[in-house]
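**Q** In the working numbering, the protein residues as written are 49 to 326.
Dumping the structure here so I can ask a few things about it.
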Ligand SMILES: [Zn+2]
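Okay, here's the thing in structure tokens:
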């Protein structure tokens, strides 16, 4: 099975586990390795932007975590393999710990990212909305407007519905696992042209996206066989056991008993039941 990339439920799970531990506390020290992630890390910007500042809140936009300070915002994206971990200063550091923020209550926030596709930058507050990663984000899939956003974009789309679900400018924060799972629950073939799907079925799909994400949130995110995802306490999620199609090529469809199929599409596999999904 391929590595588990953190998706929206995993990122939201991380945000929720960090919030009570860190919000309201002041950063006393930063250790930042000048290192090439997808973006970052510039040690001087971390020093100037967060040392001596109180963490006012932790927000999420799509798969970004925004740590709000008085005048600046730290922007994190976990990329392929990133993790944000709260630890005590004496706890052994894992390899690939690139950034450590020490807080005034003696806890540390550590960014661990072996594959370095993450983002860890500090921006002035007024520049956050203009960051390229946030600028073109579509509706939050958990928000009420998600169904209308999906319908509007599907009508004038030329791509397969799975690819439309992965387009972050339509619904922000859906990755391949949850796209496949939502399509299975809605009974829609992942490679069907988005524009050929009726409004009624698209509404059902938007509902399935929310069901899948909310189920994953309740389970604390998805942990696949490689243990790639854990929250700030190092606990894995449990949603993998409930996956209907993803990673289940050749297994029995839980609905009809037929075989789950896999096809390569756009560099990432689609999993589906050829009988249930049209
Ligand atoms: Zn089936």
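By construction, the Cβ of each residue, glycine as well, lies at the ideal position given by its N, Cα and C atoms.
All of these numbers come straight from a predicted model, not from anything done at the bench.
1. In the DSSP assignment, what residue or residues form a beta bridge with residue 165?
2. According to DSSP, is residue 307 helix, strand or coil?
3. Where are the alpha helix (DSSP H) runs, 4 residues long or more, that stay fully inside the region 136-202, in chain order?
4. Determine the burial state of residue 142: buried for a count of at least 16 other Cβ atoms within 10 Å of its Cβ, exposed for fewer.
5. Closer than 6 Å is what we want: which residues have a beta carbon that near any heavy atom of ligand 1? List them in chain order.
6. Take the Cβ of residue 312 as the centre, count every other Cβ of all protein chains shown within 10 Å, and call the residue buried at 16 or more, exposed below.
7. Between residue 171 and chain C, is any beta-carbon pair separated by less than 9 Å?
8. Mind reading off the beta-carbon distance from residue 82 to residue 93? Whole number of angstroms is fine, and I expect it under 8 Å.
9. Starting from residue 121, follow its DSSP beta bridges and name the residues at the other end.
10. Kindly identify the DSSP beta-bridge partner or partners of residue 320.
11. What separation, rounded to the nearest whole angstrom, lies between the Cα atoms of residue 134 and residue 156?
12. Can you look up residue 214 in the DSSP assignment and give me helix, strand or coil?
13. So, with DSSP's three-state summary, where would you put residue 266?
14. Just the Cα atoms here: how many angstroms apart are residue 309 and residue 167?
15. Can you list, in chain order, the residues of its chain whose CB lies under 8 Å from that of residue 203, leaving out five sequence neighbours each side?
16. State the start and end residues of the unbroken beta strand (DSSP E) segment that holds residue 17.
17. How about residue 108 and residue 59: do their beta carbons lie closer than 9 Å?
18. Looking at the structure shown, is residue 241 part of a helix, part of a strand, or coil, going by DSSP?
19. Tell me, to the nearest whole angstrom, how far the beta carbon of residue 126 is from that of residue 54; I am working on the premise that it is less than 8 Å.
20. Let me know if residue 291 comes out buried or exposed under the rule of 16 or more other beta-carbons within 10 Å of its beta-carbon.
21. Is DSSP giving residue 219 helix, strand or coil here?
22. From this set, 195, 189 and 121, which residue's C-alpha is nearest residue 246's C-alpha?
23. Taking only three categories from DSSP, how would you classify residue 249?
24. What did DSSP end up calling residue 106 once you bin it into helix, strand or coil?
25. In chain order, what residues of the same chain lie with their CB nearer than 7 Å to the CB of residue 298, ignoring the 5 residues before and after it?
26. According to DSSP, simplified to helix, strand and coil, what is residue 297?
27. Give the DSSP bridge partners of residue 131, in chain order.
28. So what does residue 208 bridge to, in DSSP terms?
29. Specify the secondary structure class of residue 87 as computed by DSSP and reduced to three states.
**A** Quick answer:
1. None; residue 165 has no bridge partner.
2. strand
3. 180-183
4. exposed
5. 301, 303, 304, 306, 321, 323 and 324
6. exposed
7. Of the protein chains in the structure, only one exists, and it is not chain C.
8. That belief does not hold up - the Cβ atoms of residue 82 and residue 93 are roughly 10 Å apart, past 8 Å.
9. 116 and 171
10. 309
11. 5 Å
12. helix
13. helix
14. 34 Å
15. 243
16. Because the chain is modelled from 49 through 326, residue 17 falls outside the range shown and cannot be assessed.
17. yes
18. strand
19. 4 Å
20. buried
21. strand
22. 195
23. helix
24. strand
25. 307 and 308
26. coil
27. 160
28. 241
29. strand
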